[in-house]
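**Student:** Protein chains in written order, with the UniProt record's numbering: chain H, 1 to 230; chain L, 1 to 230. Every residue gets a Cβ at the ideal spot worked out from N, C-alpha and C, and that includes glycine. Would you mind keeping the following structure in view while I ask a few things?
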DNA sequence: TCAACATGTGACGGTTACGTGACAACTGTC
DNA sequence: GACAGTTGTCACGTAACCGTCACATGTTGA
């Protein structure tokens, strides 16, 4: 693939004119581009193409951009992409919510093409090394990113979004000790300032759910360091 | 507490009041801080101190922040630092120029201290992806920094944070004799005032754990000098 | 053999890090 | 608008951990 090194940008917007405009400009700037017109198409494109950067419109039919963002961040390939929320609103609360949901950056309409491209470039520089896909398994615990489902043995466990992502992070590298900071960065997203003790609380809740049907505690606390799976 | 592991932040601003304010807050947040009042000082500080994060004011006498940014990114130590442009202007063209010049982030005055610190932390995390350390082995003892685990033979041993770091230091250079002072420096951190006899106590505790499942004492006491592994 | 010094180690109080229940804010739903 | 679900923060209790001391033991040199 001659173009494999060229960064791939996924544009998600329901307005075709907007798609065409962005697509044209980004291609002119030297990126590869794929597009999606709604959340489902976006999720599909992410799974199939594994883009490096996702430009995600706030207003989408069916699933809101916010919800799509949340779902993307819960999938292995989506987690490794930088998500830039694009919004017509400029209220601070939106910005905060966008970043809290796991977006890596936020850009407000109207914006110039130059700014957009600069943002894309800046976020590309921050990309993490790509990780694997597929369902994760540690011991008798199984996490399926696609169906958003967690099971222990035969039991299906119900987790909130945050705990789901937390478990996902822990399971992705079994044994690895994550510091609270690293988990905040990974699970909650960057550019957000949350007390590290919050991680403890969520680990506690996660443990409670994982232990609800009996069994060993699969999460190891490493005093002075953080948490690890297995 | 201000040991070499504490991130170093370089603040570049021509207003002394601003320098003092930022310096105070960043120190309170646990960072080490150095300051520079213009581009030349900044370049010098970068070369000499190798900061992890640079807070770069847009408006500087002589060289503009933009130009300083460009020059910094052209030096070896500057390339390794995250540059956060600080600007009173909010025009998008500035943001674009800042990011395109190689700045890693951009913050617009007025900003809250919490936001600034969050940005600094976020950029630090981005900068230092978890260094996946290689497991250390001496004899039948194995220490894995990644999973924070110590085993002797098949037995998993439990160590407190300090003993873990102590063992790590000893194992990193098998045979090397460490003075108590050197161990204090390495394990406890610089600028800390602790009785050297404390090292003896921790070595004793470490020995006790290592010997708990039988086997030879892997730590050698060198009378008048210190301790060594193997 | 003895004094002087270096090291080993049990005990102890003080501190810190962690687990967790409670709570308020907020969301989406009916 | 009542309601259930989720989230981040706080306060409190507890157990682990830490640094120091005191004394025991070992080593050195005269």
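What's the gap between the Cα of residue 225(H) and the Cα of residue 181(H)?
**Tutor:** Rounded to whole angstroms, residue 225(H) to residue 181(H) spans 10 Å at the Cα level.
**Student:** Taking 9 Å as the CB-CB limit, is residue 139(H) close to chain L?
**Tutor:** Answer no: the Cβ-Cβ gap between residue 139(H) and chain L never drops below 9 Å.
**Student:** Let me see if you follow: with CB-CB separation under 9 Å, is residue 224(H) close to chain L or not?
**Tutor:** Cβ-Cβ to chain L under 9 Å: yes for residue 224(H).
**Student:** For residue 160(L), which residues in chain H fall below 8 Å Cβ to Cβ?
**Tutor:** Per Cβ cutoff of 8 Å: 223, 224.
**Student:** Give the DSSP bridge partners of residue 136(L), in chain order.
**Tutor:** Per DSSP, 143(L).
**Student:** If you measure from the beta carbon of residue 87(L) to each beta carbon in chain H, is any gap under 9 Å?
**Tutor:** Cβ-Cβ to chain H under 9 Å: no for residue 87(L).
**Student:** Between residue 186(L) and chain H, is the shortest Cβ-Cβ distance under 9 Å, so that the two count as touching?
**Tutor:** Taking Cβ atoms only, chain H never reaches closer than 9 Å to residue 186(L), which makes this a no.
**Student:** List the whole-angstrom C-beta distance separating residue 230(H) from residue 174(H), where the pair is believed to meet the contact cut-off of C-beta under 8 Å.
**Tutor:** About 4 Å; that satisfies the 8 Å criterion.
**Student:** Give me the residue from 40(L), 53(L), 81(L), 50(L) with the minimum Cα distance to residue 68(L).
**Tutor:** Of 40(L), 53(L), 81(L), 50(L), the residue nearest in Cα terms is 40(L).
**Student:** Quick one: Cα of residue 209(H) to Cα of residue 219(H), how far?
**Tutor:** Answer to the nearest angstrom: the Cα atoms are 12 Å apart.
**Student:** Which of the three DSSP states is assigned to residue 74(L) in this structure?
**Tutor:** Residue 74(L): coil per DSSP, three-state reduction.
**Student:** Within 9 Å (strictly less), CB to CB, does residue 181(H) reach chain L?
**Tutor:** Closer than 9 Å to some Cβ of chain L, the Cβ of residue 181(H) qualifies, so yes.
**Student:** Shortest alpha-carbon distance to residue 86(L) belongs to which of 56(L), 137(L), 185(L)?
**Tutor:** Residue 56(L) is the option with its Cα nearest to residue 86(L).
**Student:** Interface residues of chain L around residue 176(H) at Cβ under 7 Å?
**Tutor:** Those are 146, 147, listed as they occur along chain L.
**Student:** Return helix, strand or coil for residue 223(L), following the three-state DSSP convention.
**Tutor:** Residue 223(L) falls in the coil class under three-state DSSP.
**Student:** Is residue 162(H) closer than 9 Å to residue 187(H) when the C-beta atoms are compared?
**Tutor:** Closer than 9 Å, so yes.
**Student:** Which partner residues of residue 8(L) appear in the DSSP bridge assignment?
**Tutor:** 32(L).
**Student:** Could you list which residues in chain L have their beta carbon closer than 8 Å to that of residue 228(H), in chain order?
**Tutor:** Neighbours of residue 228(H) on chain L, chain order: 147, 148.
**Student:** Roughly how far, in whole angstroms, is the beta-carbon of residue 165(L) from the beta-carbon of residue 151(L), given that I think they are within contact range, below 8 Å?
**Tutor:** With 8 Å as the limit, residue 165(L) and residue 151(L) do not qualify as a contact, their Cβ atoms being about 17 Å apart.
**Student:** Just checking: is the beta-carbon of residue 3(L) within a distance shorter than 9 Å of some beta-carbon in chain H?
**Tutor:** With a pLDDT of only 49 at residue 3(L), under the threshold of 50, the placement of this residue in the model should not be trusted, and no figure is reported.
**Student:** Under 8 Å by Cβ, that's how I've got residue 207(L) and residue 217(L) pegged, so tell me the actual separation to the nearest angstrom.
**Tutor:** Sure, about 6 Å apart at Cβ, within 8 Å.
**Student:** Looking at residue 148(H) and residue 71(H), is the spacing between their C-beta atoms short of 9 Å?
**Tutor:** In this structure, residue 148(H) lies closer than 9 Å to residue 71(H) by Cβ.
**Student:** Taking the beta carbon of residue 51(L) as the centre, do at least 16 other beta carbons fall within 10 Å, making it buried, or is it exposed?
**Tutor:** Result: buried.
**Student:** In the DSSP assignment, what are the bridge partners of residue 156(L)?
**Tutor:** Answer is 151(L).
**Student:** Report all residues from its chain with a CB closer than 6 Å to the CB of residue 26(H); omit the five preceding and five following residues, and keep chain order.
**Tutor:** These residues qualify, in order along the chain: 9, 33.
**Student:** Within 10 Å of its beta-carbon, does residue 44(L) have 16 or more other beta-carbons around it, so buried, or fewer, so exposed?
**Tutor:** With fewer than 16 Cβ atoms within 10 Å of its Cβ, residue 44(L) is classed as exposed.
**Student:** For residue 117(L), which of helix, strand or coil comes out of DSSP?
**Tutor:** Here residue 117(L) sits in helix by DSSP.
**Student:** If you run the structure through DSSP and keep just helix, strand and coil, what is residue 228(H)?
**Tutor:** Looking at residue 228(H) - three-state DSSP - the assignment turns out to be strand.
**Student:** Less than 8 Å between C-beta atoms, sequence neighbours within five positions excluded: which residues of the same chain meet that for residue 14(L)?
**Tutor:** So the list reads 37, 38, 57, 59, 60, 61, once near-sequence residues are dropped.
**Student:** Taking its Cβ as the centre, do 16 or more other Cβ atoms sit within 10 Å of residue 197(H), making it buried, or is it exposed?
**Tutor:** Result: exposed.
**Student:** Along the beta strand (DSSP E) that carries residue 46(H), what are the first and last residues, could you check?
**Tutor:** No beta strand (DSSP E) contains residue 46(H), which is instead part of the alpha helix (DSSP H) from 39-49.
**Student:** For residue 105(L), which of helix, strand or coil comes out of DSSP?
**Tutor:** If DSSP states are grouped into helix, strand and coil, residue 105(L) belongs with the strands.
**Student:** Would you give the residue range spanned by the alpha helix (DSSP H) that residue 169(H) belongs to?
**Tutor:** 161-172 is the span of the alpha helix (DSSP H), which, as asked, contains residue 169(H).
**Student:** For residue 234(L), collect the residues of the same chain with a Cβ closer than 8 Å to its Cβ; drop the 5 residues on either side in sequence, then sort them by chain order.
**Tutor:** Past the boundaries of the shown model lies residue 234(L); chain L is included only from 1 to 230, so the question cannot be answered.
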